[in-house]
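A.B. asks: Got a structure here, written out as structure tokens. Questions coming.
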Amino acid sequence: MRMALLVIISGGIVAHALLYPDYPFNGELLRRTFHRAWFSLFLTPISDLEGDSRCHRLRYTNRSLEECRVSEYVDHACPNPGLWPYIFVIQYLVLLKLILLTLLYALFSHTAHKIEPVSDDIWKFQRYQLVVDFMNRLCLPPPLNVFSYLLSLCQLLGRALRRCCCRCRAAAEDVHPLSRHSPYPGTRVLRFPVPDKYVAWEVLWLEYDPVAYSRPKQDFPIHLQPHVDEDLLSLQMGGSSRPVPSLSWNCVFTNPAGVSINRQSWMLDQDGGPVVYKLDATGVPM
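What follows is the structure, encoded as structure tokens:
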């Protein structure tokens, strides 16, 4: 394209200088030169090469030595036909129409053939850039963009609150996850299945009969056995000769084996302290 522009500009200047050698240097000269050179891409302007019949009456009869004129006519707008204008105009048209335009079409075809395999990727990349640009751009122009900043701040605070709520919900769901497993961890005892509509404690379900299971103390690892309490229910209901141990709830104490045991609740009340267990007549938390 640069080569074509070079030929168009130079050819237009040469053709106009040969046909109108005495034309004054002004804006009209630039317009006529550009008009001839540019429209030669689509037309073939050769009417000026044949001359103008009205200009034959305007030939110079007596040239003055004080004037420096090249044209044969008094009117500078009259074209000067001759051999050299024909040669240069024909050379210009051959270069422009037969060589440069054909070469330009070939370059365009080569570029289109080279880009065609990746044209879809280029389109997707440009579309991605456009979408990202509109996503990052504020919806209101200045000075109204202050409202856009306020909206963005509210959205940021909303996302932060949602993340905080999700973390609290996830922490609540992770509390005692083993209580929802079946069978009981480390055993083959299945839990009593509870439908979703009976999960709430406010719903009365007469058929609810869960399995009472306490893992024997001897089944625990040796290093954990000092921390395992006796099964109070089995001792009370089984008629064992062993005495039922008295456990100290809602406090931290040290047993005879020298092990410190914390029997306070992990749940906190409104004052930030552990919840106090309510004990029944046998000293077992209700």
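As numbered in mature numbering (1 follows the signal peptide of the UniProt record, and there is no 0), residues -17 to -1, 1 to 269 make up the sequence shown, in order. The beta-carbon is built from N, C-alpha and C at its ideal position, and this holds for glycine as well.
Can you list the alpha helix (DSSP H) stretches of 4 or more residues lying completely in the segment 60 to 93, in chain order?
C.D. replies: You should have 66 to 76.
A.B. asks: Taking the alpha-carbon positions, what's the residue 29 to residue 15 distance?
C.D. replies: Each residue's alpha carbon lies about 14 Å from the other.
A.B. asks: From this set, -15, 3 and 249, which residue's C-alpha is nearest residue 61's C-alpha?
C.D. replies: It is 3 whose Cα lies nearest to the Cα of residue 61.
A.B. asks: Kindly give me the distance between the Cβ atoms of residue 228 and residue 213, rounded to whole angstroms, as I take these residues to be in contact under 8 Å.
C.D. replies: Indeed they touch by this definition, with Cβ atoms about 6 Å apart.
A.B. asks: Whole angstroms are fine: how far does the CA of residue 255 sit from the CA of residue 198?
C.D. replies: Roughly 33 Å separates the two Cα atoms.
A.B. asks: Which residue marks the beginning of the alpha helix (DSSP H) containing residue 25, and which one marks its end?
C.D. replies: Element bounds for residue 25: n/a, residue is neither H nor E.
A.B. asks: Is DSSP giving residue 262 helix, strand or coil here?
C.D. replies: In the structure shown, residue 262 sits in a strand (DSSP, three-state: E or B).
A.B. asks: My assumption, with CB atoms under 8 Å, is that residue 68 sits in contact with residue 33. Please give the rounded CB distance.
C.D. replies: No, residue 68 and residue 33 are not in contact; Cβ-Cβ is about 10 Å, not under 8 Å.
A.B. asks: Could you check the C-alpha separation between residue 106 and residue 92 for me, to the nearest Å?
C.D. replies: Approximately 19 Å, taken between the alpha carbons.
A.B. asks: Along the chain, where does the beta strand (DSSP E) containing residue 243 start, and where does it finish?
C.D. replies: From DSSP, the beta strand (DSSP E) with residue 243 extends over 243 to 245.
A.B. asks: Taking 6 Å as the line, does the beta carbon of residue 267 fall inside it for any heavy atom of the ligand ATP?
C.D. replies: Among the components modelled here there is no ligand, and therefore nothing to report on the ligand ATP.
A.B. asks: Quick check on residue 31: buried or exposed, where buried means 16 or more other Cβ atoms within 10 Å of its Cβ?
C.D. replies: With 16 or more other Cβ atoms within 10 Å, it is buried.
A.B. asks: What do you reckon, are the CB atoms on residue 132 and residue 167 nearer than 7 Å?
C.D. replies: Result no, Cβ atoms of residue 132 and residue 167 do not sit closer than 7 Å.
A.B. asks: How would you label residue 169, buried or exposed, when you count the other beta carbons within 10 angstroms and need 16 or more for buried?
C.D. replies: When all chains shown are included, residue 169 counts as exposed.
A.B. asks: Looking at residue -7 and residue 75, is the spacing between their C-beta atoms short of 7 Å?
C.D. replies: A contact, by the Cβ cut-off of 7 Å.
A.B. asks: Is the beta carbon of residue 269 closer than 7 Å to that of residue 261?
C.D. replies: The answer is yes: Cβ separation under 7 Å.
A.B. asks: Taking DSSP as the reference, what is the three-state secondary structure of residue 16?
C.D. replies: Residue 16 falls in the helix class under three-state DSSP.
A.B. asks: Beta strand (DSSP E) containing residue 235: first to last residue?
C.D. replies: Residue 235 -> beta strand (DSSP E) spans 235 to 237.
A.B. asks: Between the alpha carbons of residue 306 and residue -15, how many angstroms are there, rounded?
C.D. replies: Here the chain has residues from -17 to 269 only, and residue 306 is not among them.
A.B. asks: Classify residue 257 as helix, strand or coil using the three-state DSSP reduction.
C.D. replies: Looking at residue 257 - three-state DSSP - the assignment turns out to be strand.
A.B. asks: In three-state terms, what does DSSP make of residue 134?
C.D. replies: Correct three-state label for residue 134: helix.
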